[in-house]
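S.K.: Supplied in structure tokens, the structure appears directly below.
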Amino acid sequence: MSLLVVGLSHRSAPVSVLERAALSADAQVKLLQDTVAADPATEAAVLATCNRIELYADVDKFHAGVAELSTLLAQHSGVGLEELTPYLYVHYEDRAVHHLFSVACGLDSMVVGEGQILGQIKDALARAQDLHTAGRLLNDLFQQALRVGKRAHSETGIDRAGQSLVTFGLEQLAADTDDVPGWARGRTALVIGAGSMSSLAAATLARAGVGEIVVANRTFERAERLAQILADAEGTTARAVRMDAVAAELTRADVVVSCTGATGLVLTADAVAEAVAGRTGEPAADVSAEAPAGTTHLPPASAGTDENCPLDLASVQGTPGFSVHGEAAVAGMDAATLEQHAAWVGEGTSLREQGREHDAGGRFAPEADAELIAALAGAVAAAGRVPEYRRPEPVAEIPRPAPAVFLLDLAMPRDIDAAVHRLAGVRLVDIESLAEASADAPMASDVDQVRRIVSEEVAAFGAAQRAAHITPTVVALRTMAADVVAAEIARLDGRLPGLDDRLRGEIRQTVHRVVDKLLHAPTVRVKQLAAEPGGTGYADALRTLFDLDPETVAAVSRAVDNTDEKDRPA
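Counted the way our numbering counts, the sequence shown spans residues 76 to 645.
Set out below in structure tokens:
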């Protein structure tokens, strides 16, 4: 087995890179076709979701395979190889199997334990089968991954460790209440898109008790079909609209969920601002201007007075090389205290404007901090103590009005302009904010049990694959033995033509029994040895010892693969 996976996900790459690297359905098809056409790969499958892009292949050379798969991913994603490479991960053989099984169980998902990934793995396998890019290895691998994922969900409480991305997103929207049904009850929801994720979001909102659901889609018939399903199955008031009606519906909607396959923005910040203005009667906010990075707005009373400084700097004030960053490094200040102290030192200026030297281009030079921190550490050592804390003054927060519109963007690339975050009266939850929120989510105790299941299944799959690898050799050996017996019986018939049929049958059975007994123990033992880690070399040893024709072994292997293909479920 030479399984190789090259990919990137929310764990290895920022959302901005994932967004640009997202593969359309046509791009996935072309990627699969180009992969199996390349020299190192004989099979290929693509697992592309909203937060991962992975290319699986059966390769005959590791380094050449990594280079080829990385290049193909870059070409079809539209992100340059040099830019993409730092975010790629590579898994090989058993580690690749372990990775896919973990993904199938939801251990590698943005929301641990979510079950939607099983449907996405099933779709990836179906696509590879339709294009005939999945052979014996990838068919076995993906089908077993589906079984492992189902086992994890049925035998453990992994579902309690996290929810689906839709449910988790709605919980983030309703963060102030911690009660999604109570928050959603009676609201009007606009769902943009009619695919699997949008349908799931619509059904979740319907079960949460929203008053009305409006479905918008580029293909109006699909929007109508989803609206009808919601009305029939969930008993929810639902209707379909065309995409050109989205702007008008925005002025009525309380909750908006968008998940389309569009390559550009579906909702711009200006469109959302106008919709909010239409609801509140206030002028639309200007979201085009953004405050400079690092600017900290503090009230005047917090700056420039000794009693408001959170630190006692008597021991180090005026020390050559003193800096806010250096002092913070030695004292172990948290970010909020550091910002407030920065305002005190600079009399209201921001942290980034103080205590740091600039390079020739006007940018802050990080190496200056290292020197300043070292100088301050020496000063503190001489003074004999670390500067003491004083109780910091609370930093005033700019009040924001309660959200009037809640937006959930589940698309990759994003459907809703990220600038919407700056609009007052709007709460936006997107893939990026979901990643941040889920990073600190507590892991359920069932996760350890799922990990044990994955380890067991990886070992069993590896043993089965290694045993299957030697089967064609064993079959070829027994075929050769049967041919030898047949040749010797024919030779006996020529030498003893008068031998009666009963004696001839006894002799034939005796010879076959002798051959079978001689081959039984070695072939059973070699299968056991081959199933163990590192046992792939036993097939080569068997072929060498019995001088088996490689083409005969290959023919048996092809026959086994063809039989499996006929028996394999669609």
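All C-beta atoms, glycine included, are put in the ideal place defined by N, C-alpha and C.
Just reading off the beta strand (DSSP E) that Asp114 is part of, what are its end residues?
M.R.: Unbroken run through Asp114: none, as it is neither H nor E.
S.K.: Quick check on the burial criterion: 16 or more other C-beta atoms within 10 angstroms. Buried or exposed for His151?
M.R.: buried
S.K.: Please state the DSSP three-state secondary structure of Leu665.
M.R.: With the chain covering only 76 through 645, there is no way to say anything about residue 665.
S.K.: Assign Leu78 to one of two classes, buried (16 or more other C-beta atoms within 10 Å of its C-beta) or exposed (fewer than that).
M.R.: buried
S.K.: I'd like the list of long-range same chain contacts for Arg226, defined as Cβ closer than 8 angstroms, with 5 residues on each side in sequence excluded.
M.R.: Excluding residues within five positions, the ones whose Cβ falls inside 8 angstroms are Ile528, Glu532.
S.K.: For Leu325, which residues from the same chain have a beta carbon less than 6 angstroms from its beta carbon, with the 5 sequence-adjacent residues on both sides left out?
M.R.: Ala350
S.K.: Quick one: residues in its chain with C-beta nearer than 6 angstroms to the C-beta of Arg583, no 5 flanking neighbours on either side, listed in chain order?
M.R.: Ile564
S.K.: Is the beta carbon of Gly244 sitting closer than 7 angstroms to the one on Gly261?
M.R.: no
S.K.: Which residue from Ser87, Leu593, Asp622, Thr146 puts its Cα closest to that of Tyr162?
M.R.: Ser87
S.K.: Could you give the DSSP three-state label for Thr279: helix, strand or coil?
M.R.: Residue state, collapsed to three classes: helix.
S.K.: Alpha carbon to alpha carbon, how far is Ala97 from Thr546?
M.R.: 40 angstroms
S.K.: Identify the residues that DSSP records as bridge partners of Ile267: which are they?
M.R.: Residue pairing of Ile267 in beta bridges, as defined by DSSP: Ala291, Ser333.
S.K.: Hey, Ile267 and Ser333 are a contact pair by Cβ (cut 8 angstroms); roughly how many whole angstroms apart?
M.R.: For Ile267 against Ser333, the beta-carbon gap comes to about 4 angstroms, under 8 angstroms, which counts as contact.
S.K.: Buried or exposed: Ala551, going by 16 or more other Cβ atoms within 10 Å of its Cβ?
M.R.: Ala551 should be labelled buried.
S.K.: Look up Thr231 in the DSSP assignment and say whether it is helix, strand or coil.
M.R.: coil
S.K.: Would the stretch 189 to 209 and the stretch 112 to 129 be scored as touching if the rule is three or more Cβ pairs under 8 angstroms?
M.R.: Yes, they touch.
S.K.: Taking buried to mean at least 16 other C-beta atoms within 10 Å of its own C-beta, is Asp101 buried or exposed?
M.R.: By the 10 Å Cβ count, Asp101 comes out exposed.
S.K.: So for Arg566, helix, strand or coil by DSSP?
M.R.: helix
S.K.: Alpha carbon to alpha carbon, what distance is there between Ala337 and Ala440?
M.R.: Annotation note: pLDDT 46 at Ala440 (below 50); position unreliable, coordinate value reported separately. Taking the straight line from one Cα to the other gives about 41 angstroms.
S.K.: Measure the beta-carbon distance from Thr208 to Val90 and round it to whole angstroms, keeping in mind my assumption that it falls under 8 angstroms.
M.R.: Between Val90 and Thr208 the Cβ distance is about 29 angstroms, and since that is not below 8 angstroms, they are no contact.
S.K.: Give the list of continuous beta strand (DSSP E) stretches no shorter than 3 residues that lie fully inside the stretch 115 to 177.
M.R.: 116 to 124, 127 to 134, 164 to 167
S.K.: Please classify Val559 as buried or exposed, where buried requires at least 16 other C-beta atoms within 10 Å of its C-beta.
M.R.: Taking all protein chains shown into account, Val559 has fewer than 16 neighbouring C-beta atoms within 10 Å of its C-beta and is therefore exposed.
S.K.: Residues bridged to Ile491 by DSSP?
M.R.: Leu342, per the DSSP bridge assignment.
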